[in-house]
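Protein chains in written order, with the working numbering: chain W, 996 to 1104; chain R, 477 to 586; chain P, 3 to 242.
Beta carbons: idealized from backbone N, C-alpha and C, even for Gly.
Model, not experiment: these values are computed from the prediction.
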């Protein structure tokens, strides 16, 4: 992996340590008995905080997962490095798009 | 045999958990995206996840997320700070903590 | 009265098969003793490498029951659990014949990583005063005793999965030179280990550290290179 990809992957990893810890706490809280869609959405709708937090998380995760997938494809599949990078980039863009849509769904819809 | 050693397993678990999470993420985003059309679809999806089998799978996902986080943290420390011995122990503790957290999750939802 | 060992040895090149021999077991027998016995008393066509047979040259490394080891320092009693041994050539290297591998790719990568001392003085200059307890010299000393046996290279999964990867030994030597105050390799060497196949391909699996017969720690050395190259990159001294 090139140094640039390495730095992006390690940097997004470090950034996501606190993001994931918060997310695990959110998971525990949200899966409490009886939490409905209304309960969840009433907290996220119109919230700058949730939008920023999850927006950042989506960007970081898309970059991090895409580079990880690139490495796995390059090392474990018969694809060339270039093909692996293209496929991984497409995957990263897909994640970013779906993630942005999910953030929009819970904050703005 | 080095291919069965604790650290080799830790590396494999880290890679496989990352792959599994990468496959899960788009589905997760699609599920949350159901809220675009209003609460009803999102609500029926959430009630679908009440099923024991789904809750069990969610416990598995919590394990994967935590073990990937802790394993990754161990690598970040190796790469950015002075070397410390005891990596096997740290890797084993990371796996144990992840299992405990997943277990607590399951205990709370059942 | 010790029985016989059932010893499977790789015969052939990249294509080949394991052939099994019966070797009398002895007290204090090493795996190298076993291989030597086969070649001298059973099949003289067996090809294998050794030199010092006392653990200082690194020539006799082979795959023993799935693990790369120095055969001269591996006691049969430690590895032949049920009286069986499977011995093959070192992995991740082309096989010349039987148990002998071609070490050329290993050393080519050594060159690519610039694991080569770049002198700054001539015989007419004063000898450099290097304090053995300086932080840099401590780091270099901890990594310097590599005898190029290839065990780490054979053990490394990333070498196996990524043919560009320089491997633990080449990068560890580069690290010792990065810490050598006499050396003039400077940013050129950092750039060399930051290119494709360099230190950033390492996933810190640590098989190298676990198996190095000299108790070296390439994972730590490579982590050091990652830190140095990152700092150099952020200062604009090298390119990504």
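In angstroms with no decimal places, state the Cα-to-Cα distance between residue i and residue j.
i                       : j                       : result
residue 220 of chain P  : residue 173 of chain P  : 8 Å
residue 541 of chain R  : residue 1043 of chain W : 25 Å
residue 1011 of chain W : residue 1090 of chain W : 16 Å
residue 14 of chain P   : residue 125 of chain P  : 49 Å
residue 198 of chain P  : residue 110 of chain P  : 15 Å
residue 477 of chain R  : residue 90 of chain P   : Residue placement at residue 477 of chain R is flagged as unreliable, the pLDDT there being 44, under the threshold of 50; the coordinate-derived value follows with that caveat. The straight-line gap from Cα to Cα measures roughly 14 Å.
residue 1069 of chain W : residue 5 of chain P    : 48 Å
residue 1076 of chain W : residue 161 of chain P  : 15 Å
residue 1078 of chain W : residue 1088 of chain W : 15 Å
residue 113 of chain P  : residue 188 of chain P  : 15 Å
residue 211 of chain P  : residue 1041 of chain W : 52 Å
residue 578 of chain R  : residue 136 of chain P  : 47 Å
residue 217 of chain P  : residue 1048 of chain W : 45 Å
residue 1009 of chain W : residue 121 of chain P  : 39 Å
residue 508 of chain R  : residue 1101 of chain W : 7 Å
residue 166 of chain P  : residue 115 of chain P  : 11 Å
residue 562 of chain R  : residue 1037 of chain W : 47 Å
residue 559 of chain R  : residue 1030 of chain W : 45 Å
For residue i, would you say it is in contact with chain R, using Cβ-to-Cβ distances shorter than 8 Å as the test?
i                       : result
residue 222 of chain P  : yes
residue 1063 of chain W : yes
residue 1104 of chain W : yes
residue 90 of chain P   : no
residue 1005 of chain W : yes
residue 126 of chain P  : no
residue 1044 of chain W : no
residue 82 of chain P   : no
residue 1058 of chain W : no
residue 55 of chain P   : no
Taking 7 Å as the cut-off, is the CB of residue i close to at least one heavy atom of the ligand HEM?
i                      : result
residue 586 of chain R : Only the bare structure without any ligand can be found here, which leaves the ligand HEM out of the picture.
Compute the distance between the beta-carbons of residue i and residue j, then report whether it is under 8 Å.
i                       : j                       : result
residue 1093 of chain W : residue 505 of chain R  : yes
residue 515 of chain R  : residue 1097 of chain W : no
residue 119 of chain P  : residue 179 of chain P  : yes
residue 92 of chain P   : residue 65 of chain P   : yes
residue 572 of chain R  : residue 547 of chain R  : no
residue 148 of chain P  : residue 209 of chain P  : no
residue 223 of chain P  : residue 177 of chain P  : yes
residue 151 of chain P  : residue 60 of chain P   : yes
residue 20 of chain P   : residue 998 of chain W  : no
residue 153 of chain P  : residue 107 of chain P  : no
residue 483 of chain R  : residue 567 of chain R  : yes
residue 549 of chain R  : residue 500 of chain R  : no
residue 175 of chain P  : residue 117 of chain P  : yes
residue 46 of chain P   : residue 156 of chain P  : no
Please go through the same chain and pick out, in chain order, the residues whose beta-carbon is closer than 6 Å to the beta-carbon of residue i, but skip the five residues on each side of it.
i                       : result
residue 31 of chain P   : 78
residue 510 of chain R  : 517, 518 and 521
residue 493 of chain R  : 540, 543 and 544
residue 1050 of chain W : 1098
residue 16 of chain P   : 97
residue 49 of chain P   : 99, 100 and 102
residue 1016 of chain W : none
Please work out which residues of its chain come closer than 7 Å, Cβ to Cβ, to residue i, disregarding the five sequence neighbours upstream and downstream, and give them in chain order.
i                      : result
residue 67 of chain P  : 81, 87 and 88
residue 74 of chain P  : 32, 34, 52, 55, 56, 57 and 62
residue 996 of chain W : 1066
residue 497 of chain R : 540, 541 and 544
Just to confirm my understanding: we take residue i, look at its own chain, exclude 5 residues before and 5 after, and list those with CB closer than 8 Å. What are they?
i                       : result
residue 7 of chain P    : 24, 25, 26, 27, 36, 78, 82, 85, 86 and 87
residue 1019 of chain W : none
residue 1025 of chain W : 1035
residue 104 of chain P  : 95, 96, 97 and 98
residue 534 of chain R  : 525, 581 and 585
residue 551 of chain R  : 490
residue 40 of chain P   : 9, 11, 23, 25 and 48
Using a Cβ-Cβ cut-off of 8 Å, state whether residue i counts as contacting chain P.
i                       : result
residue 1002 of chain W : yes
residue 1070 of chain W : yes
residue 998 of chain W  : yes
residue 579 of chain R  : no
residue 484 of chain R  : yes
Return no unless some Cβ of chain W is closer than 8 Å to the Cβ of residue i.
i                      : result
residue 502 of chain R : yes
residue 494 of chain R : yes
residue 114 of chain P : no
residue 235 of chain P : yes
residue 572 of chain R : no
residue 477 of chain R : Because residue 477 of chain R sits at a pLDDT of 44, beneath the cut-off of 50, its placement in the model cannot be relied upon, and the following sentence gives the value as read from the coordinates. No, residue 477 of chain R does not count as interfacial toward chain W.
### Query
Can you find at least 3 beta carbon pairs, one from the segment 166–186 of chain P and one from the segment 196–215 of chain P, that sit closer than 8 Å?
Output reads yes: the segment 196–215 of chain P touches the segment 166–186 of chain P.
### Message
For the pair the segment 1079–1086 of chain W and the segment 1049–1069 of chain W, tell me if three or more CB-CB distances fall below 8 Å.
### Response
As far as the Cβ criterion goes, the segment 1079–1086 of chain W touches the segment 1049–1069 of chain W, which means the pair count is three or higher.
### Message
Between the segment 515–529 of chain R and the segment 547–559 of chain R, can you find at least three pairs of beta-carbon atoms closer than 8 Å?
### Response
Inter-segment contact for the segment 547–559 of chain R and the segment 515–529 of chain R is absent: fewer than three beta-carbon pairs are separated by less than 8 Å.
### Message
Counting beta carbon pairs with one atom in the segment 181–195 of chain P and one in the segment 219–235 of chain P, are three or more of them shorter than 8 Å?
### Response
Yes, the segment 219–235 of chain P touches the segment 181–195 of chain P.
### Message
Quick check: the segment 524–532 of chain R against the segment 1047–1058 of chain W, are at least 3 beta-carbon pairs closer than 8 Å?
### Response
At 8 Å Cβ cutoff, the stretches do not touch.
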